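>
2 protein chains.
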Amino acid sequence: MTDIKAGTHQLFLREEELRQGMEMLFYAYREFTAEADAVLTRLGFGRAHHRVIYFVGRHPGISVTELLGILRITKQSLSRVLSELVREGYITQTTGISDRRRRLLELAPKGVELERQLSETQRQRVAAAYRRAGVEAVEGFRTVMLGLMNDEDRVKFFAIKDRTGRTGSAPERGRGDER
Amino acid sequence: MTDIKAGTHQLFLREEELRQGMEMLFYAYREFTAEADAVLTRLGFGRAHHRVIYFVGRHPGISVTELLGILRITKQSLSRVLSELVREGYITQTTGISDRRRRLLELAPKGVELERQLSETQRQRVAAAYRRAGVEAVEGFRTVMLGLMNDEDRVKFFAIKDRTGRTGSAPERGRGDER
DNA sequence: CTTTTATGTCAGTCATGTTGACACGTTCGC
DNA sequence: GCGAACGTGTCAACATGACTGACATAAAAG
Chain A
1315 MTDIKAGTHQ LFLREEELRQ GMEMLFYAYR EFTAEADAVL TRLGFGRAHH RVIYFVGRHP
1375 GISVTELLGI LRITKQSLSR VLSELVREGY ITQTTGISDR RRRLLELAPK GVELERQLSE
1435 TQRQRVAAAY RRAGVEAVEG FRTVMLGLMN DEDRVKFFAI KDRTGRTGSA PERGRGDER
Chain B
1315 MTDIKAGTHQ LFLREEELRQ GMEMLFYAYR EFTAEADAVL TRLGFGRAHH RVIYFVGRHP
1375 GISVTELLGI LRITKQSLSR VLSELVREGY ITQTTGISDR RRRLLELAPK GVELERQLSE
1435 TQRQRVAAAY RRAGVEAVEG FRTVMLGLMN DEDRVKFFAI KDRTGRTGSA PERGRGDER
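Chains A and B supply the protein sequences, listed in that same order. Using our numbering, you'd call the opening residue of the first sequence number 1315 and step up by one each time. Using our numbering, you'd call the opening residue of the second sequence number 1315 and step up by one each time.
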C-alpha cells in the first residue's frame, strides 16, 4: 500500500486514469439506481422515497433530524416524501419517550416489503459484481470508495452498526453518538 | 472468481457487506458531485451542463445523437442545456462534412477552461483516494466498478479510446482526438 | 421520389431540490 | 418558572432537470 514506486506513481495517476475513474462512478451509479427507479415509478414514487425507505429501514427508530443529517436535504424536501410515505402506510411515526418532540420512524410491514423489493435488485447487482471481482478486489473497492467519501460521511458510515432505536423501553438513547 | 471457498463465500456476500457497498456508492457519488455543483451554481448552470461539457471535452467532435447515447436522456432535455452552452460560447457546433445533418460539438476555449475548472477538484479527489489506496486497491476498485456497470456502458467505456468523431465511413476531418 | 435520419423546438408535466417564514409543543438552562 | 432553544410540520414560491408528445426541416439513403 505504501510501496508505490515513484515512476509508477506518475503514470498511475495520469489524467486518463483519473478520468476513467470519474466516468466509472457516473456509469455505475446510474446503472445502480436505474432498476429501483423503474419499480418506484410504477408506484408513483421517486428516488427520494427510496432513500427515505432505505435509511429508515437501515436505522429503525431514527428521528427526522437524524435522517436529515444522513440525506443532507432540507426538512421541507424530506417532509414532502416522508409524509407521503407515512400517509400511505409505508412508514410509522411514534413519539419519542424520553423526548416527546421527536418522531421516531420505522418501516411498517408494507414498507419492509417495499424496501426489500427495491433493494433486492441492487443487492444482487452488487453481489454479482463482488462475486465476479473476488474478495481482494472488493477490499480495494471499499478502500477507494471510503477515500472518495468525505470525513463526516465516513464517520457516519461506521456508526451505522447497531441501532435499534427502540421506541419503547430502551432509553431512547441519549441521542448521543450511537456509538 | 471461482476460487472463493464456500464458507467464505457466504460471509463475504452477506447482507451487511452488500448494504455497505450500496451506501458507499451513495455517499461517494454525492461527495463527488458536490464540489463541481458549487462552481456550477455560481455560473447559473446545473449538473446537466457539467455532464455535457465533460463528455464533449472527452469526445471532441461528438454528434448530438452520440452524446444522447452516452447521457441517456431525451433530446429535449439535452437541447436546453446544450443550446445554452452554445449560446454562451462554451461549445461550438460545426456542420459535419460527410454528413451535413450532423452538428459536431467541441469545446470553445471558454468551455475548455470551464471543464478544467470543474473537473479539477473531482480529479484531485479521485487522485487523492487512489494515492491513499494504492495501486492494487485501485485495480480492485476498477474491477468492481466495471462489474456494476451495464454491458452497453462497459463497451462504450472501452470505446472511449480512439475516437475522431467519425460517422462511420469517412474520416470526417482530421480533428485528431486529443489523445 | 419516398423514407429515414439527425436535429431542433414548442408546450405541458413531474419529481426533487431550494429559501424564507411561521407555528406549535417540548425541553432545558438559569 | 420562564424564556430560549430545539424538533417538527407546513405554506408559498421558485429552479432544475428529467419526461412525453407533436411537429418541422434539412440531408441522406434506398
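Backbone N, C-alpha and C define an ideal beta-carbon position, used for all residues, glycine too. Predicted model, so just to flag it, every value in this text is computed and none were measured.
(1) Shorter than 9 angstroms from the beta carbon of A/Leu-1332 to some beta carbon of chain B?
(2) Using a C-beta to C-beta distance shorter than 8 angstroms, which residues of chain B count as neighbours of A/Arg-1437?
(3) Shorter than 9 angstroms from the beta carbon of A/Thr-1409 to some beta carbon of chain B?
(4) Please classify A/Thr-1408 as buried or exposed, where buried requires at least 16 neighbouring CB atoms within 10 angstroms.
(5) So is B/Phe-1340 in contact with chain A if we call contact Cβ pairs under 9 angstroms?
(6) Can you look up A/Glu-1330 in the DSSP assignment and give me helix, strand or coil?
(7) Along the chain, where does the beta strand (DSSP E) that runs through A/Arg-1417 open and close?
(8) When DSSP labels each residue in this structure, what does A/Ile-1405 get in the three-state scheme?
(9) Hey, how far is the Cα of A/Gln-1334 from the Cα of B/Tyr-1368?
(10) Quick one, which of A/Leu-1462, A/Phe-1340, A/Thr-1435 has its alpha-carbon nearest A/Glu-1349's?
(11) Below 9 angstroms between beta carbons: does that hold for A/Phe-1359 and A/Val-1395?
(12) Under 9 angstroms, Cβ to Cβ, is there at least one residue of chain B near A/Asp-1413?
(13) Taking 8 angstroms as the limit between beta carbons, can you name the residues of its chain near A/Glu-1365, skipping five residues before and five after?
(14) Give me the subset of the region 1421-1448 of chain B whose CB atoms are less than 8 angstroms from a CB atom of chain A, sorted by chain position.
(15) Can you give the Cα-Cα distance for A/Leu-1354 and A/Arg-1361, rounded to whole angstroms?
(16) Leaving aside the five residues before and after B/Asp-1351 along the sequence, list all residues of the same chain whose C-beta is less than 7 angstroms from its C-beta, in chain order.
(17) Since A/Leu-1399 and A/Lys-1389 should fall inside the 8 angstroms C-beta cutoff, what is the C-beta to C-beta distance between them, to a whole number of angstroms?
(18) Whose C-beta lies closer than 7 angstroms to the C-beta of B/Glu-1329 among residues of the same chain, with five residues either side of it excluded?
(19) On the CB-based measure, 16 or more other CB atoms within 10 Å of its CB, does A/Ser-1433 come out buried or exposed?
Looking at the atomic coordinates:
(1) Yes, A/Leu-1332 lies at the interface with chain B (some Cβ there is under 9 angstroms from its Cβ).
(2) Glu-1329, Leu-1332, Arg-1333, Met-1336
(3) no
(4) Exposed is the call here.
(5) Interface criterion met: the Cβ of B/Phe-1340 is under 9 angstroms from a Cβ in chain A.
(6) Assigned with DSSP and collapsed to three states, A/Glu-1330 falls in helix.
(7) 1417-1421
(8) strand
(9) Their backbone Cα atoms lie some 12 angstroms apart in a straight line.
(10) From the listed residues A/Leu-1462, A/Phe-1340, A/Thr-1435, the smallest Cα separation to A/Glu-1349 is found for A/Thr-1435.
(11) Contact flag set, yes.
(12) no
(13) Contrary to the premise, residue 1365 of chain A reads as Arg rather than Glu in this sequence. Contacts found: Leu-1385.
(14) Ser-1433, Gln-1436, Arg-1437, Arg-1439, Val-1440, Ala-1441, Ala-1442, Ala-1443, Tyr-1444, Arg-1445, Arg-1446, Ala-1447, Gly-1448
(15) Annotation: A/Leu-1354 to A/Arg-1361 spans about 7 angstroms, alpha carbon to alpha carbon.
(16) Excluding sequence neighbours, B/Asp-1351 sits near Arg-1361.
(17) Wrong, their Cβ atoms sit about 15 angstroms apart, outside the cutoff.
(18) none
(19) buried
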